[in-house]
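Visitor: Counting from 1270, one number per residue, gives the positions in the sequence shown under the working numbering. Every residue, glycine too, gets a C-beta built ideally from N, C-alpha and C. Keep in mind that this is a model prediction, so the values were computed, not measured. First the structure, which I've put down as structure tokens, then a few questions once you've had a look.
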Amino acid sequence: MSADPKVPVIMPVRNGERWLAQAVESVLAQTLSEFELIVVDDGSIDASAEILSALSRRDGRVRVVHQPPEGLVSALNRALALARAPLVARLDADDVALPERLARQASYFDEHLKLVLLGSWAEKIDEQGRCIGQVRPETEPERLAEILPRGNPFVHSSVMMRTAFAHRLGYRQAFLGAEDFDLWLRMSECGTIANLPQPLVRYRVHGGNTDRSLGVRQSFSVRLAQASSTARRSSGLDPADRLLDPPDWWAAHADSEFYTEVAQLFRFLELADSKSLAPGRIGEVAPPSLRQILELSHAEKRLACRSIFNLLTMRRRPAGLSLARLVAVLFTLIVGRPLYRHGTRPSGRTP
């Protein structure tokens, strides 16, 4: 690999006019000049297309592809398919790459031939671009390999990958909301993963970062990726290969899938959205077990608490969702230990 390799940077965007130009300009300002920026416009209806057209006319290294609104995973895979160099980097359309980002990461790949995935620390900035903190994930490959199965230790906008592995694995639509985490898990099975201990991107925190409607789906996709990874390690086969779309945890066949326990848990967690309190479905919902409660992530605990609060507002609930049981689960969620054991229940009326 030459000292200044050509590194494609892939950037999906939909209606990102507010910060799009800043993101593109940060790539054009890289000290490593031999790159290509591949932007996939996923059906934007704002000024994103016009901004990209002007930038591509000004600098031929900006390549713009337009597609109907097919979603983030489709846009990522389309951009990835166009990457032809040995390395490929990611940047979101609302973030900023610091000037030496590509050069430092490409150099690190030169020195570590078994490396397949490399991220970095990141500065957190607000809507005005002011620094409000840092994200400092683990950097050591051995520790990262231990941490990854439990959660995502990479800033997606900071990663650089070996293109051959990224092409072979790709992002998967079934893991919507956690498509990056699923890819990192599979890439870690192919080689070494690492983070550089320097902030190389500026990650923008703003109201549009998280679509609330995707909150439950994202948490489910994390669990699905973990279940898929566990199955690969035990059998060498990936049961998720046959999943073309995000699974429906309410579907009858979900009770006989490799993610059955996850599906049953998320029937309960989905009730965090009050619009999901469909009377016909409440009877199919059961609170999480003690083991499940103690294994919930912080995000899942928040969902579980909201589910319980929503259920407590109902006048009539199935016996399995009695006041006593819901209060016991809520207590365990908050305090971290069970309220009762061996059939000893708290006093109170059971509706």
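Please list, in chain order, all residues of the same chain as E1407 whose beta carbon is under 7 Å from its beta carbon, the five residues on each side excluded.
Guide: Same-chain partners within the cutoff: L1413, I1416, P1422 and N1464.
Visitor: Take L1531 and list the residues in its own chain whose beta-carbon comes closer than 8 Å to its own, dropping the five residues that flank it on each side.
Guide: The displayed chain sequence assigns Val, not Leu, to residue 1531. Within the same chain, V1531 has close Cβ partners F1489, R1492, L1493, A1496 and W1518.
Visitor: Quick one: give me the first and last residue of the alpha helix (DSSP H) that Q1461 is part of.
Guide: According to the sequence shown, residue 1461 is Thr rather than Gln. No alpha helix (DSSP H) contains T1461, which is instead part of the beta strand (DSSP E) from T1461 to R1473.
Visitor: Whose C-alpha, out of E1396, Q1442, E1458 and L1324, is nearest the C-alpha of S1503?
Guide: If we check each option's Cα against that of S1503, E1458 comes out closest.
Visitor: Can you tell me where the alpha helix (DSSP H) holding E1369 begins and where it ends?
Guide: That residue, E1369, is in no alpha helix (DSSP H); it is neither H nor E in DSSP.
Visitor: In the DSSP assignment, find the unbroken alpha helix (DSSP H) run with R1575 in it and report its ends.
Guide: Here the alpha helix (DSSP H) through R1575 covers H1567 to L1581.
Visitor: Take every Cβ of the stretch 1320-1336, pair it with every Cβ of the stretch 1379-1397, and state whether three or more of those distances are shorter than 8 Å.
Guide: Cβ pair count under 8 Å is below three, so no.
Visitor: Hey, out of S1343, P1368 and I1279, whose CA is closest to T1300's CA?
Guide: With distances taken between Cα atoms, T1300 lies closest to P1368.
Visitor: Compare the beta carbon distance of S1317 and V1293 with 8 Å and say whether it is the shorter of the two.
Guide: Contact flag unset, no.
Visitor: Assuming A1521 and A1443 form a contact by the criterion Cβ under 8 Å, report the distance between their Cβ atoms to the nearest whole angstrom.
Guide: Rounded, the Cβ-Cβ distance is 18 Å, inconsistent with contact.
Visitor: For the alpha helix (DSSP H) containing L1506, name the first residue and the last one.
Guide: No alpha helix (DSSP H) contains L1506, which DSSP labels as neither H nor E.
Visitor: With DSSP as the reference, please indicate the residues paired to L1349 in a beta bridge.
Guide: In DSSP, L1349 forms no bridge with anything.
Visitor: Please work out which residues of its chain come closer than 8 Å, Cβ to Cβ, to D1395, disregarding the five sequence neighbours upstream and downstream, and give them in chain order.
Guide: Once the five neighbours on either side are set aside, the close Cβ partners of D1395 are I1401, R1473, V1474 and H1475.
Visitor: Could you give the first and the last residue of the continuous beta strand (DSSP E) run that contains P1410?
Guide: Where P1410 is concerned, there is no enclosing beta strand (DSSP E), although the alpha helix (DSSP H) it sits in stretches over P1410 to I1416.
Visitor: In angstroms, rounded to a whole number, what distance separates the CA positions of S1616 and L1599?
Guide: Confidence in S1616 is poor, its pLDDT being 38 and thus under 50, which makes the residue's placement unreliable; the coordinate value appears in the next sentence. In a straight line, the C-alpha of S1616 is about 15 Å away from that of L1599.
Visitor: Near R1441, which residues of its chain fall below 8 Å by C-beta distance, leaving aside the five closest residues on each side in sequence?
Guide: The answer, listed in chain order, is V1342, E1448, D1451, L1452, A1509 and L1512.
Visitor: Taking the alpha-carbon positions, what's the R1594 to L1565 distance?
Guide: Straight-line Cα distance between these residues: approximately 18 Å.
Visitor: Considering only C-alpha positions, which residue in the set R1501, R1330, R1586 and N1284 is nearest to P1418?
Guide: It is R1501 whose Cα lies nearest to the Cα of P1418.
Visitor: Helix, strand or coil, according to DSSP, for E1303 in the structure here?
Guide: DSSP places E1303 in coil when its eight states are reduced to three.
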